[in-house]
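Structure first, then comments.
Protein chains in written order, with the working numbering: chain A, 531 to 1171; chain B, 186 to 765.
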């Protein structure tokens, strides 16, 4: 299997964190939890169970019917002189009524079960997604996306199948077994004992086969994962393969893995395929044995065995072994579904992002006495509402002042990525971070919007410790444009509007103009209504970045973080974008992270980071003067000129 | 579609054919067994108390033998079915993978990466399951039906007519149910794709969702689709829920009718009780096989979409092919574009490159500058023939690129792509993509050239350091340098860097270019860059604008006369200009 681990946090030089060890399976707990979901459909579920009972009962009755028919009607009629069929007619009609009811019950439980299983599936799916949204960024950084995805696809699906098919069928099978068992016992004790003995033998054999099958299935799943992983990696790098003419090597490697998968798949399916025929034919052999034992019993006279008894016993015994086979068949899918359910519950049990913040962001205005007060109106002025322990509430105007005081941080304990960061960004300042990859630039921004929480020190926003601010309000006050652009499937307009859901088309277009994206958008086949797919497939990286800048611009936040936001845009366009942004961000705080020094030169203060420490700070001119690291970086660019 | 897929059965033809034959043999046993069972009851237990033990032993033995034979056939059939279906899946994956390897860039562009992955994984599994199902059931069900029918007619012809009446009833009912359910199922699957897409986008863009505080918005989006799936899926399954009761009603009706008439027949001596029980077994067999037909129909319908998607890949014609008599050697690193037009859509009205005419001498260093969307990457991708020109000709080493063997051409024209990837494996393994037989010294040399040697040596396992999938455990700049080293190992005549040093700091960037100049002077070097200083010492700089060549010249020439170049230059020099 391909060596694989979670993706590590961007810019962290730390070793990839280990996947949290899966808690050992606890099927009882999982079942209990599932029962809670079923509990929501208590009434319907009881009806379902009742219907299954009835339907299974009807099935048993229909097989008993033959015995009654032969023993009570046909045999007497054979010897009777008066061939009166009226009794038989009554029996047939009674049976017809029972059986029609049985069929109705079957329909009813199938029908109801659809609603229950689909409802539960939907509920679990929705809860899982909702919970996922509350998880900290760390979770997504440390789990592979494929792994999370499979919970939405495979795991919920096997769960639904278990609910809609396996559970009713198993319940029905159990009911049938019990009913048949009692029917057999009333018919003949010795023959029942014999059947039971044989069933033990059958169960032993199936258990052995099912066990073998499970081993190969696990092997198959593992190799399937390996092949799929290989496919994914190769297809993602297909263009590189072409450029390096690596096709033949890739084919060779693939064929090898493919061959292995084929072998284990063959074995896994072989055992699964032969399980049912074995059950069936053992049932047949049992049939013969019962006939022989029945015959011997009737000869020896130990217990009186009538022809009808033997005949219906033969039918019953088949009805006894068949559901046992079905249960063992379903057991595999139940185990798989429970494993899936456990994975789902694991995700749901992941701890949500903790938010003890109580300072909120509210619309504000100055009242007649120039005091800041809260208002319902959309005043375009915001204030932090800060309730205190004594019940009083103070309001602080949102300005965008950010202070980092002695901040230490590491993605993993004992492995600090940032050391003692001191930073002071006044409202309206443009603060830039410069430094090699891995120096910790992105990490700082991850801390300001609390994607990660700091280990030591303090971060203050407008003088308020950000731990006190409600995360959603904190993030709403921060605009962020990331290096890796993520657009969502939808039109260009919808993607820009993501920044402010109630923005008008005009506002969105104005933002696009600001980001210098308007021109190319209008050149797209359907302009602003062009549908783009999630990865922005048909747009160049630079174009995606421009859209994401427009998206942040429409949100119009007091503080903006631009993390390599223009790295794929040519410098000419970048200059235009910057001009637009400078206009927009006038009076607002901007954090800029960039490789290109030209991007950061006009910043109010530039921080040079190295190995998680700020080693230099100052304006461009000051830093040049100082002839330190920044100077080296800067002159490095012009060394050859 | 079926024809395309059937071609992939190949070496698994034998198991594919033998499986149904074995199954038919098994079915014959299965049908014979009730016949003998009836015999056992009738002749073994005469009149209840008259037991013919010898006969029971005899027929019992026959039955056990039949059961064992049937078991053997079934086991063999199960084995062969597994071989055939797993084999078909293997061949499908194999053929698709090989086909994709032969795809040109434009073929790859046509299918999205994720759709290719789904086709090779989920779709193949679907086909594998339905193929196994078809092999095992498609023959079994009709055969069981026919044999059971024949046997029941032998037992009692007039009673057998009863299920002949019921068969069309069931068939029509099943048909109606399926017809109603099928389009809904299809809709469900489409919506599932949508749902998965939402989850996937949220996983990738979780930082965006969180920083815009759009959790509720995303929840709503998800819940809407989730609800649609719930509604449609419930509707489809509720339709299918009619299957079982309809079947049961028919089975029960048959049983009652047959037993009513059979009772009369028996009483009047036209039939035996044993025959009645075997009649019941046949009813069950016939109706069960009908049920299986319904299941197979669902499976086949559901996997049809998968089959179509696989066939689409297999039938795709790679649009780049070697010429009949390919040239296996590239003379030198000279390049010439002769009236080249290019469009991704092969549409002359949507040209990405227009009227490109230029020539580059072997060993020159060429810089390419241009705005976002000026088709810089497109331009260079024509050189190693990753795409074919729409009009005009590209010459490498004095020959039309179409005359070369593709492998020869691409070995000599090394290209470092903008969206570059490393593969899971050690650094050494990754580097050897460039040259399989490179010695350790050669690896080190290439890495020194690309300024990668230093940081590799600082890594815990140095050249044996394991690179995670997608190269996530090295930084962007390190990744780019490894990619350059990998390309250098080809010792190409032409080296193309498509914005490949954007994440590398400026000093290292300069060092790399200096090394190029000194160490591989005979190699033609084409450098696409955003930063002026990355190209300013090039022999020639090509300024691209909107898919056309705006101007070609040296740094000084362009700085004097080219407006675009000046703008780019000054946008990058502003700080120092201010400074003095």
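Glycine included, C-beta positions come from ideal geometry on N, C-alpha and C.
- A distance below 8 Å between beta-carbons, with the five flanking residues on each side excluded, links residue 819 of chain A to the following residues of its chain, in chain order: 724, 728.
- When only Cα atoms are considered, residue 368 of chain B and residue 383 of chain B end up about 23 Å apart.
- Interface with chain B (7 Å Cβ-Cβ cutoff): residue 914 of chain A is excluded.
- In the structure shown, the three-state DSSP call for residue 807 of chain A is helix.
- Residue environment: residue 518 of chain B is assigned as buried (16 or more neighbouring CB atoms within 10 Å of its CB, all protein chains considered).
- For residue 971 of chain A, no Cβ of chain B is located within less than 7 Å of the residue's own Cβ.
- Ranked by Cα distance from residue 634 of chain B, the options B:700, B:373, B:246 are led by B:700.
- By alpha-carbon distance to residue 864 of chain A, the top candidate from A:692, A:781, A:928 is A:692.
- Bounds of the alpha helix (DSSP H) holding residue 558 of chain A are 557-569.
- Distances from the alpha-carbon of residue 706 of chain A to those of A:673, A:854, A:829 put A:854 closest.
- Under a 10 Å Cβ-count criterion, residue 872 of chain A is classified as buried, with 16 or more other Cβ atoms of the shown protein chains found around its own Cβ.
- In the pairwise beta carbon analysis, the stretch 640-657 of chain A is classified as not touching the stretch 952-964 of chain A: fewer than three pairs are separated by under 8 Å.
- Scanning chain B for C-beta atoms nearer than 7 Å to the C-beta of residue 820 of chain A yields nothing, as the closest lies near 10 Å away.
- DSSP, read as helix, strand or coil, puts residue 1094 of chain A in coil.
- The way I'd put it, the stretch 1019-1037 of chain A does touch the stretch 1045-1058 of chain A; three or more beta-carbon pairs between them come closer than 8 Å.
- Membership of residue 904 of chain A in the beta strand (DSSP E) is indicated by the continuous run 902-904.
- Residue 1092 of chain A and residue 651 of chain B have their C-alpha atoms some 32 Å from each other.
- For the stretch 384-404 of chain B, residues whose beta-carbon sits nearer than 9 Å to a beta-carbon of chain A comprise 384, 385, 386, 387, 388, 389, 390, 391, 392, 393, 394, 395, 396, 397, 398, 399, 400, 401, 402, 403, 404.
- Exclusion of the five residues before and after residue 742 of chain A leaves 801 as the residues of its chain whose Cβ lies within less than 7 Å of its Cβ.
- A direct Cα-Cα distance of roughly 9 Å separates residue 296 of chain B from residue 498 of chain B.
- Contact between residue 206 of chain B and residue 229 of chain B fails: their C-beta atoms lie close to 33 Å from each other, not under 8 Å.
- Linking residue 590 of chain B to residue 631 of chain B through their CA atoms gives a straight-line distance of about 26 Å.
- Nearest CB-CB separation between residue 263 of chain B and chain A: below the 7 Å threshold.
- Here the C-alpha atom of residue 581 of chain B lies approximately 12 Å from the C-alpha atom of residue 512 of chain B.
- For residue 656 of chain A, the neighbours in chain B by C-beta distance under 9 Å run, in chain order, 404, 407, 408, 411, 412.
- Residue range 616-664 is occupied by the alpha helix (DSSP H) that includes residue 622 of chain A, with no beta strand (DSSP E) assigned at that position.
- Listed along chain A is no residue with a C-beta nearer than 9 Å to that of residue 476 of chain B; the closest approach is about 13 Å.
- Proximity of chain A to residue 666 of chain B at the Cβ level (cut-off 7 Å) is not reached, the minimal Cβ distance being about 11 Å.
- Interface annotation, residue 691 of chain A: not in contact with chain B, CB-CB separation never under 7 Å.
- Among the residues of the stretch 613-629 of chain B, those with a Cβ less than 8 Å away from any Cβ of chain A are 618, 619, 621, in the order of the chain.
- When 7 Å is used as the limit between beta carbons, residue 785 of chain A is near these residues of chain B: 279, in chain order.
- Of the residues assessed, residue 702 of chain B falls on the exposed side of the cut-off, its CB having fewer than 16 other CB atoms within 10 angstroms.
- The beta carbons of residue 220 of chain B and residue 463 of chain B sit about 6 Å from each other, so the pair counts as a contact at 8 Å.
- Counted as a single uninterrupted DSSP element, the stretch harbouring residue 714 of chain B is not any alpha helix (DSSP H), since DSSP gives it neither H nor E.
- Residue 914 of chain A is bridged by DSSP to A:891, A:926.
- Within the stretch 986-1064 of chain A, the alpha helix (DSSP H) runs of at least 4 residues that lie entirely inside it are, in chain order, 1001-1006, 1022-1027, 1035-1044, 1048-1053.
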